[in-house]
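Adding 60 to a residue's 1-based position in the sequence shown gives its number in our numbering. Built from N, CA and C at the ideal position, the CB exists for glycine as well.
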Amino acid sequence: MQIHLEKVRKFLENHSVLPKIVIIYGPTACGKTALSIELAKYSDTEIISADSRQIYRYMDIGTGKVTPKEMQGIKHYMLDIRNPDEEYSVGAYQKEIFPIISDIHSREKVPILCGGTGLYLDSVAFHFDIPPREPDWEYRDSLELLRQEKGNQYLWDMLATQDKEYAETIHPNSHHAVIRALEVWRETGKSKSELRVKKDPLFDVLFLTPYDGNREKLYERINARIEQMFQLGLIDEVKSILEKGYNPDCKGLSTIGYKEVIEYLDGKSTLDECKAKIQQGNRNYAKRQLTWFRKYNTSLD
61 MQIHLEKVRK FLENHSVLPK IVIIYGPTAC GKTALSIELA KYSDTEIISA
111 DSRQIYRYMD IGTGKVTPKE MQGIKHYMLD IRNPDEEYSV GAYQKEIFPI
161 ISDIHSREKV PILCGGTGLY LDSVAFHFDI PPREPDWEYR DSLELLRQEK
211 GNQYLWDMLA TQDKEYAETI HPNSHHAVIR ALEVWRETGK SKSELRVKKD
261 PLFDVLFLTP YDGNREKLYE RINARIEQMF QLGLIDEVKS ILEKGYNPDC
311 KGLSTIGYKE VIEYLDGKST LDECKAKIQQ GNRNYAKRQL TWFRKYNTSL
361 D
(Lines of atoms letter the chains of each structure in order from A and count residues from 1; the text may use other names and numbers.)
(Lines give C-alpha, C1' and ligand atoms only; values in the text may rest on other atoms or scores of the structure.)
Protein backbone atom coordinates (compact mmCIF):
# COMPACT_ATOMS: atom_id res chain seq x y z
CA MET A 1 0.00 0.00 0.00
CA GLN A 2 2.80 2.44 0.90
CA ILE A 3 4.36 2.02 -2.55
CA HIS A 4 1.07 2.94 -4.20
CA LEU A 5 0.64 5.97 -1.95
CA GLU A 6 4.11 7.17 -2.87
CA LYS A 7 3.39 6.77 -6.58
CA VAL A 8 0.19 8.77 -6.22
CA ARG A 9 1.97 11.49 -4.24
CA LYS A 10 4.61 11.94 -6.96
CA PHE A 11 1.99 11.81 -9.70
CA LEU A 12 -0.09 14.54 -8.07
CA GLU A 13 2.96 16.73 -7.50
CA ASN A 14 4.29 16.50 -11.05
CA HIS A 15 3.18 19.16 -13.51
CA SER A 16 1.15 17.98 -16.49
CA VAL A 17 -0.45 19.77 -19.43
CA LEU A 18 -3.30 17.25 -19.46
CA PRO A 19 -5.76 16.75 -16.59
CA LYS A 20 -4.88 13.75 -14.45
CA ILE A 21 -6.70 10.53 -13.64
CA VAL A 22 -5.67 7.45 -11.66
CA ILE A 23 -6.69 4.03 -12.99
CA ILE A 24 -6.75 1.08 -10.61
CA TYR A 25 -7.01 -2.15 -12.58
CA GLY A 26 -6.35 -5.85 -12.26
CA PRO A 27 -8.02 -9.26 -12.28
CA THR A 28 -11.09 -10.06 -10.25
CA ALA A 29 -10.58 -10.50 -6.48
CA CYS A 30 -7.11 -8.93 -6.43
CA GLY A 31 -8.02 -6.10 -4.04
CA LYS A 32 -8.88 -3.19 -6.35
CA THR A 33 -11.73 -1.86 -4.21
CA ALA A 34 -9.69 -1.71 -0.99
CA LEU A 35 -6.84 0.06 -2.78
CA SER A 36 -9.17 2.58 -4.40
CA ILE A 37 -10.73 3.48 -1.04
CA GLU A 38 -7.35 4.04 0.61
CA LEU A 39 -6.06 6.16 -2.27
CA ALA A 40 -9.28 8.18 -2.42
CA LYS A 41 -8.98 8.95 1.29
CA TYR A 42 -5.33 9.87 0.86
CA SER A 43 -5.92 12.25 -2.06
CA ASP A 44 -9.39 13.48 -1.04
CA THR A 45 -11.12 12.45 -4.24
CA GLU A 46 -13.95 10.35 -5.68
CA ILE A 47 -14.17 6.97 -7.39
CA ILE A 48 -15.69 5.98 -10.73
CA SER A 49 -16.47 2.31 -11.28
CA ALA A 50 -15.24 0.63 -14.46
CA ASP A 51 -17.11 -2.64 -14.11
CA SER A 52 -19.57 -3.80 -16.75
CA ARG A 53 -21.69 -5.77 -14.25
CA GLN A 54 -21.74 -3.36 -11.35
CA ILE A 55 -23.76 -0.94 -13.47
CA TYR A 56 -26.77 -3.19 -12.79
CA ARG A 57 -29.19 -2.62 -9.93
CA TYR A 58 -29.91 -5.50 -7.50
CA MET A 59 -26.76 -7.38 -8.58
CA ASP A 60 -24.60 -6.66 -5.54
CA ILE A 61 -23.21 -9.82 -3.97
CA GLY A 62 -22.50 -11.69 -7.20
CA THR A 63 -20.60 -8.77 -8.72
CA GLY A 64 -18.55 -7.98 -5.64
CA LYS A 65 -20.01 -4.47 -5.60
CA VAL A 66 -18.59 -2.14 -2.96
CA THR A 67 -20.95 -1.81 0.00
CA PRO A 68 -21.99 1.50 1.61
CA LYS A 69 -19.92 0.56 4.66
CA GLU A 70 -16.85 -0.15 2.53
CA MET A 71 -17.24 3.20 0.76
CA GLN A 72 -16.44 5.00 4.04
CA GLY A 73 -18.33 8.06 2.85
CA ILE A 74 -16.43 8.34 -0.43
CA LYS A 75 -18.56 9.26 -3.43
CA HIS A 76 -18.84 6.49 -6.05
CA TYR A 77 -20.15 6.80 -9.60
CA MET A 78 -21.38 4.39 -12.30
CA LEU A 79 -22.95 1.91 -9.89
CA ASP A 80 -26.61 0.83 -10.10
CA ILE A 81 -27.36 2.88 -13.22
CA ARG A 82 -29.24 0.25 -15.25
CA ASN A 83 -31.71 -2.58 -14.67
CA PRO A 84 -30.49 -6.16 -15.29
CA ASP A 85 -32.38 -6.45 -18.58
CA GLU A 86 -31.10 -3.22 -20.14
CA GLU A 87 -28.56 -3.06 -22.95
CA TYR A 88 -25.34 -1.21 -22.22
CA SER A 89 -22.16 -0.67 -24.21
CA VAL A 90 -18.71 0.80 -23.91
CA GLY A 91 -19.93 3.67 -26.08
CA ALA A 92 -22.66 4.43 -23.56
CA TYR A 93 -20.09 4.21 -20.77
CA GLN A 94 -17.88 6.76 -22.54
CA LYS A 95 -20.80 9.13 -23.00
CA GLU A 96 -21.71 9.01 -19.31
CA ILE A 97 -18.26 9.01 -17.76
CA PHE A 98 -16.62 12.02 -19.42
CA PRO A 99 -18.99 14.57 -17.82
CA ILE A 100 -18.38 12.92 -14.43
CA ILE A 101 -14.62 13.20 -14.88
CA SER A 102 -14.98 16.85 -15.91
CA ASP A 103 -17.09 17.59 -12.85
CA ILE A 104 -14.53 16.05 -10.51
CA HIS A 105 -11.73 17.97 -12.22
CA SER A 106 -13.73 21.20 -11.88
CA ARG A 107 -13.54 20.72 -8.11
CA GLU A 108 -9.74 20.38 -8.34
CA LYS A 109 -9.75 16.67 -7.59
CA VAL A 110 -8.07 13.83 -9.49
CA PRO A 111 -10.67 11.10 -10.15
CA ILE A 112 -9.92 7.43 -9.56
CA LEU A 113 -11.25 4.89 -12.06
CA CYS A 114 -11.44 1.44 -10.52
CA GLY A 115 -12.48 -1.78 -12.19
CA GLY A 116 -11.66 -4.84 -14.21
CA THR A 117 -13.50 -4.19 -17.47
CA GLY A 118 -10.66 -3.52 -19.87
CA LEU A 119 -12.79 -2.00 -22.61
CA TYR A 120 -14.19 0.60 -20.21
CA LEU A 121 -10.74 1.55 -18.96
CA ASP A 122 -9.29 1.63 -22.48
CA SER A 123 -12.07 3.90 -23.72
CA VAL A 124 -10.98 6.52 -21.19
CA ALA A 125 -7.22 5.99 -20.97
CA PHE A 126 -6.66 5.77 -24.73
CA HIS A 127 -9.65 7.89 -25.83
CA PHE A 128 -11.10 5.40 -28.27
CA ASP A 129 -13.74 6.75 -30.64
CA ILE A 130 -16.53 4.18 -30.65
CA PRO A 131 -19.07 4.73 -33.45
CA PRO A 132 -22.72 4.34 -32.32
CA ARG A 133 -24.85 1.75 -34.13
CA GLU A 134 -28.50 0.84 -34.18
CA PRO A 135 -29.19 -2.79 -33.22
CA ASP A 136 -30.15 -5.28 -35.93
CA TRP A 137 -32.87 -7.11 -34.03
CA GLU A 138 -33.60 -9.61 -36.81
CA TYR A 139 -29.99 -10.76 -36.92
CA ARG A 140 -29.81 -10.84 -33.13
CA ASP A 141 -32.88 -13.05 -33.03
CA SER A 142 -31.33 -15.44 -35.55
CA LEU A 143 -28.17 -15.69 -33.43
CA GLU A 144 -30.26 -16.27 -30.32
CA LEU A 145 -32.03 -19.17 -32.01
CA LEU A 146 -28.66 -20.57 -33.04
CA ARG A 147 -27.44 -20.21 -29.46
CA GLN A 148 -30.45 -22.07 -28.10
CA GLU A 149 -29.84 -24.86 -30.60
CA LYS A 150 -26.05 -25.21 -30.32
CA GLY A 151 -25.08 -23.47 -27.09
CA ASN A 152 -23.09 -20.48 -25.87
CA GLN A 153 -19.71 -21.98 -26.72
CA TYR A 154 -20.68 -22.35 -30.37
CA LEU A 155 -21.37 -18.63 -30.73
CA TRP A 156 -18.22 -17.74 -28.83
CA ASP A 157 -16.17 -19.94 -31.17
CA MET A 158 -17.73 -18.08 -34.12
CA LEU A 159 -16.62 -14.79 -32.61
CA ALA A 160 -13.14 -16.07 -31.80
CA THR A 161 -12.52 -16.85 -35.47
CA GLN A 162 -13.35 -13.24 -36.37
CA ASP A 163 -12.15 -11.20 -33.39
CA LYS A 164 -9.93 -13.27 -31.12
CA GLU A 165 -8.72 -10.24 -29.15
CA TYR A 166 -12.21 -9.22 -28.09
CA ALA A 167 -13.46 -12.79 -27.63
CA GLU A 168 -10.73 -13.44 -25.09
CA THR A 169 -12.10 -10.63 -22.90
CA ILE A 170 -15.57 -12.14 -22.46
CA HIS A 171 -16.91 -15.42 -21.13
CA PRO A 172 -18.88 -17.66 -23.53
CA ASN A 173 -21.84 -17.38 -21.16
CA SER A 174 -21.92 -13.60 -21.71
CA HIS A 175 -23.88 -14.35 -24.85
CA HIS A 176 -25.39 -10.88 -25.20
CA ALA A 177 -21.90 -9.41 -25.63
CA VAL A 178 -20.95 -12.22 -28.02
CA ILE A 179 -24.04 -11.65 -30.15
CA ARG A 180 -23.43 -7.89 -30.27
CA ALA A 181 -19.84 -8.44 -31.42
CA LEU A 182 -21.00 -10.82 -34.16
CA GLU A 183 -23.57 -8.25 -35.20
CA VAL A 184 -20.88 -5.56 -35.49
CA TRP A 185 -18.78 -7.89 -37.63
CA ARG A 186 -21.72 -8.58 -39.95
CA GLU A 187 -22.58 -4.88 -40.30
CA THR A 188 -19.08 -3.57 -40.90
CA GLY A 189 -16.83 -6.46 -41.90
CA LYS A 190 -14.53 -5.35 -39.09
CA SER A 191 -13.95 -6.56 -35.55
CA LYS A 192 -14.86 -4.49 -32.51
CA SER A 193 -11.14 -4.23 -31.86
CA GLU A 194 -10.54 -2.70 -35.31
CA LEU A 195 -13.39 -0.22 -34.93
CA ARG A 196 -11.95 1.35 -31.81
CA VAL A 197 -10.28 4.41 -33.31
CA LYS A 198 -7.53 5.74 -31.07
CA LYS A 199 -7.45 9.54 -30.76
CA ASP A 200 -5.17 11.98 -28.97
CA PRO A 201 -5.17 11.28 -25.22
CA LEU A 202 -7.37 13.43 -23.02
CA PHE A 203 -5.69 12.64 -19.72
CA ASP A 204 -2.39 12.07 -18.01
CA VAL A 205 -2.93 8.58 -16.57
CA LEU A 206 -1.33 6.80 -13.64
CA PHE A 207 -1.94 3.04 -13.84
CA LEU A 208 -1.88 1.12 -10.56
CA THR A 209 -2.70 -2.50 -9.70
CA PRO A 210 -2.78 -4.34 -6.38
CA TYR A 211 -2.08 -7.63 -8.16
CA ASP A 212 1.37 -8.92 -7.18
CA GLY A 213 1.83 -11.51 -9.92
CA ASN A 214 1.10 -14.54 -7.73
CA ARG A 215 -1.52 -16.49 -9.67
CA GLU A 216 -1.80 -19.29 -7.14
CA LYS A 217 -2.66 -16.80 -4.42
CA LEU A 218 -5.09 -15.02 -6.75
CA TYR A 219 -6.94 -18.26 -7.50
CA GLU A 220 -7.15 -19.00 -3.78
CA ARG A 221 -8.64 -15.54 -3.23
CA ILE A 222 -11.14 -16.14 -6.02
CA ASN A 223 -12.25 -19.47 -4.56
CA ALA A 224 -12.60 -17.96 -1.08
CA ARG A 225 -14.49 -14.98 -2.45
CA ILE A 226 -17.07 -17.22 -4.12
CA GLU A 227 -17.58 -19.13 -0.88
CA GLN A 228 -18.11 -15.80 0.88
CA MET A 229 -20.66 -14.72 -1.73
CA PHE A 230 -22.77 -17.76 -0.92
CA GLN A 231 -22.45 -17.05 2.80
CA LEU A 232 -23.59 -13.46 2.20
CA GLY A 233 -26.71 -14.66 0.40
CA LEU A 234 -25.98 -14.96 -3.32
CA ILE A 235 -28.76 -17.52 -3.82
CA ASP A 236 -31.32 -15.25 -2.15
CA GLU A 237 -30.08 -12.33 -4.24
CA VAL A 238 -30.71 -14.27 -7.45
CA LYS A 239 -34.13 -15.39 -6.22
CA SER A 240 -35.02 -11.78 -5.43
CA ILE A 241 -34.06 -10.59 -8.91
CA LEU A 242 -36.11 -13.35 -10.53
CA GLU A 243 -39.07 -12.52 -8.28
CA LYS A 244 -38.93 -8.96 -9.61
CA GLY A 245 -39.87 -10.44 -12.99
CA TYR A 246 -36.54 -10.39 -14.78
CA ASN A 247 -36.00 -13.08 -17.40
CA PRO A 248 -33.34 -15.61 -16.34
CA ASP A 249 -31.76 -15.09 -19.76
CA CYS A 250 -31.52 -11.28 -19.53
CA LYS A 251 -28.18 -9.56 -19.99
CA GLY A 252 -27.26 -9.15 -16.34
CA LEU A 253 -28.31 -12.62 -15.23
CA SER A 254 -26.42 -14.31 -18.07
CA THR A 255 -23.07 -13.42 -16.48
CA ILE A 256 -20.76 -15.44 -14.23
CA GLY A 257 -22.25 -16.27 -10.87
CA TYR A 258 -25.86 -15.62 -11.76
CA LYS A 259 -26.32 -18.06 -14.62
CA GLU A 260 -24.87 -20.89 -12.54
CA VAL A 261 -27.11 -20.14 -9.55
CA ILE A 262 -30.14 -20.12 -11.85
CA GLU A 263 -29.12 -23.56 -13.14
CA TYR A 264 -28.87 -24.72 -9.51
CA LEU A 265 -32.31 -23.32 -8.70
CA ASP A 266 -33.66 -25.13 -11.77
CA GLY A 267 -32.29 -28.41 -10.41
CA LYS A 268 -29.66 -28.75 -13.13
CA SER A 269 -26.72 -28.93 -10.73
CA THR A 270 -25.92 -29.51 -7.08
CA LEU A 271 -24.80 -26.68 -4.83
CA ASP A 272 -21.21 -27.92 -4.87
CA GLU A 273 -21.26 -28.13 -8.67
CA CYS A 274 -22.69 -24.63 -8.83
CA LYS A 275 -19.91 -23.22 -6.64
CA ALA A 276 -17.23 -25.06 -8.60
CA LYS A 277 -18.53 -23.70 -11.91
CA ILE A 278 -18.53 -20.14 -10.60
CA GLN A 279 -15.03 -20.51 -9.19
CA GLN A 280 -13.74 -21.93 -12.47
CA GLY A 281 -15.53 -19.25 -14.47
CA ASN A 282 -13.94 -16.51 -12.39
CA ARG A 283 -10.48 -18.07 -12.65
CA ASN A 284 -10.85 -18.20 -16.43
CA TYR A 285 -12.04 -14.59 -16.45
CA ALA A 286 -8.99 -13.57 -14.41
CA LYS A 287 -6.72 -15.17 -17.01
CA ARG A 288 -8.36 -13.12 -19.77
CA GLN A 289 -8.06 -9.95 -17.70
CA LEU A 290 -4.35 -10.53 -17.11
CA THR A 291 -3.80 -10.91 -20.85
CA TRP A 292 -5.73 -7.71 -21.57
CA PHE A 293 -3.99 -5.59 -18.95
CA ARG A 294 -0.46 -6.36 -20.09
CA LYS A 295 -0.79 -3.39 -22.46
CA TYR A 296 -0.70 -1.04 -19.45
CA ASN A 297 3.05 -1.64 -19.08
CA THR A 298 3.03 -2.30 -15.37
CA SER A 299 4.01 -5.53 -13.63
CA LEU A 300 1.34 -8.23 -13.76
CA ASP A 301 3.22 -11.51 -13.98
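Counting only runs of 3 or more residues that sit fully inside the segment 73-149, the beta strand (DSSP E) segments are 80-84, 107-109, in chain order.
Within the same chain, Pro144, Asp145 come within 6 Å of Cys310 by CB-CB distance, once the 5 residues on both sides are set aside. Spatial neighbours of Pro87 in its own chain (CB-CB distance under 7 Å, excluding positions within 5 residues in sequence) are listed in chain order as Gly176, Tyr271, Leu278, Ala346, Gln349, Leu350. Within the segment 235-305, the complete alpha helix (DSSP H) segments at least 4 residues long are 235-248, 252-255, 275-292, 294-303, listed from N- to C-terminus. For the pair of segments examined, the segment 333-343 was found to touch the segment 315-324: the number of CB pairs separated by less than 8 Å reaches three. In this structure, Arg113 sits near Gly312, with a CB-CB distance shorter than 8 Å. Residue pairing of Cys174 in beta bridges, as defined by DSSP: Ile84, Ser109. Rounded to the nearest angstrom, the Cβ distance from Asp223 to Pro79 is 32 Å, too far for a contact under 8 Å. Annotated as distal: His231 and Leu215, with beta-carbon spacing of 8 Å or more. For the set Arg69, Ser103, Leu179, Lys70, the Cα lying nearest the Cα of Ala110 is the one of Leu179. Membership of Ile338 in the alpha helix (DSSP H) is indicated by the continuous run 331-353. Taking 8 Å as the cut-off, the beta carbon of Glu106 is found closer than this to the beta carbon of Lys169. Non-local C-beta neighbours of Gly317 in its own chain, meaning closer than 6 Å and more than five positions away in sequence, comprise Gly122, Ile338, ordered along the chain. Rounded to the nearest whole angstrom, the C-alpha separation of Phe353 and Ile239 is 24 Å.
Rounded to the nearest angstrom, the gap between the Cα atoms of Asp140 and Gly151 is 18 Å. Here DSSP, grouped into helix, strand and coil, assigns Asp189 to strand.
Counting along the chain, Ile230 sits inside no alpha helix (DSSP H), nor does DSSP assign it H or E at all. In this structure, DSSP gives Ile160 a helical state, which the three-state scheme calls helix. The criterion of a C-beta distance shorter than 8 Å is satisfied by Asp189 and Lys259.
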